[in-house]
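As given, the protein sequences belong to chains Y and A, one line each in that order.
Residue numbering for the first sequence follows my numbering, beginning at 2 and increasing consecutively.
Residue numbering for the second sequence follows my numbering, beginning at 2 and increasing consecutively.
Comments concern the structure below.
Protein chains: 2
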Amino acid sequence: MKADCTIYKTLDVIGKKWSLVIILELSKGKNNTKQYSVLKSSLSTITPKVLSSRLKELENYKLISKKIDTSSSPAHTFYSLTKSSVELLTILKDMKSWALKFNIKSEHCGSTNCKDCPF
Amino acid sequence: MKADCTIYKTLDVIGKKWSLVIILELSKGKNNTKQYSVLKSSLSTITPKVLSSRLKELENYKLISKKIDTSSSPAHTFYSLTKSSVELLTILKDMKSWALKFNIKSEHCGSTNCKDCPF
DNA sequence: CAGGATCCAAAAGGATACTG
DNA sequence: CAGTATCCTTTTGGATCCTG
């Protein structure tokens, strides 16, 4: 394997801790969108430092987009999935099916139709 | 999202650095099997400590199996994919297709039919 | 509200040397 | 050959405080 192998690079993009989980959380929002504070509280154990650095990375990769609503004060920031990351959801879904088949599953979930993982 | 969400746990299993890359490398071997030393040299930048700890983890998860051939001296150790991880290859393939579609690709590869990523 | 700055502790990863 | 042991560097996590 060469260091710049496509799969290797892909794992750099989406294989980091929190990256896919952030994408999953955004997918639960209306129009694949969530406000920063809502996103943050849904990822209860993440710290603002880690969250904002992941958001920047994902934005650079164009996997999420950011919009600031200045009509209210203080302003609200919203993050949305892009076309790219929406297509990634299929892969997340397949990962879940695979996991359930091979018994990597959560106690409270254990099904393919769980409100926490909306598949 | 709860801490024990299925997808969250799945990422613990296969989302760690090197885990999927090791599975990919084993898939290139005859019968999805490679000798330790061959595996190691195909992952040129990995260190023995990290490699052996990942191999133990993957073995515990039953994603790989280990066999020692004592007929030669010194003995040779072989690692193979299991049924579980063979089914994961489909997901890796989908990840590659997704990456190529959104232009995360390697210079030398850039195709869906590359000997380094055998898809 | 949405982060950025700072400091610190813990964990993961890497380099190298060594052994059954 | 297939790893361990040891030491060190880097990354990650957490807490807290601050600001436009």
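Yeah, the Cβ is synthetic: ideal placement off N, Cα and C, and Gly gets one too.
Query, Result
"Near-chain A residues of the region 71-105 of chain Y - C-beta to any C-beta below 7 Å", "S85, E88, L89, I92, L93, D95, M96, K97, W99, A100, L101, F103 and I105"
"Interface partners of A:T11 on chain Y, CB under 8 Å", "M96, K97, W99, A100 and I105"
"Whole-Å CB distance - A:V51 paired with A:W19, under 8 Å assumed", "6 Å"
"Exposure label - Y:K76; buried when at least 16 CB within 10 Å", "According to the sequence shown, residue 76 of chain Y is Ala rather than Lys. Label assigned to Y:A76: exposed."
"Those runs of the alpha helix (DSSP H) which lie wholly inside the region 15-68 of chain A and span at least 4 residues", "20-28, 37-43 and 49-61"
"Beta-carbon contacts of A:I23 that lie in its chain and below 8 Å, excluding the five residues immediately before and after", "L40, L44, L52, R55, L56, L59 and I65"
"Coil, strand or helix - A:D13 by DSSP", "helix"
"Exposure of Y:S107, with buried meaning 16 or more beta-carbon neighbours within 10 Å", "buried"
"Under 8 Å between C-beta atoms of A:T83 and A:K63", "yes"
"Range covered by the alpha helix (DSSP H) that runs through A:S74", "Per DSSP, A:S74 belongs to no alpha helix (DSSP H) and is neither H nor E."
"Terminal residues of the alpha helix (DSSP H) in which Y:T91 lies", "K84 to K102"
"Cβ of Y:L59 within 8 Å of any chain A Cβ", "no"
"Y:I47 beta carbon less than 8 Å from that of A:P10", "In the sequence under discussion, the amino acid at residue 10 of chain A is Lys, which differs from the Pro named in the question. For A:K10 and Y:I47, no; Cβs fall outside 8 Å."
"Inter-residue spacing [alpha-carbon to alpha-carbon] between Y:S86 and A:V14", "22 Å"
"Cβ-based neighbour list, A:S112, same chain, cut-off 6 Å, excluding 5 preceding and 5 following", "none"
"Short CB-CB distance (under 8 Å) between A:L21 and chain Y", "yes"
"Neighbouring residues, chain A, relative to Y:V14 (Cβ below 7 Å)", "I105"
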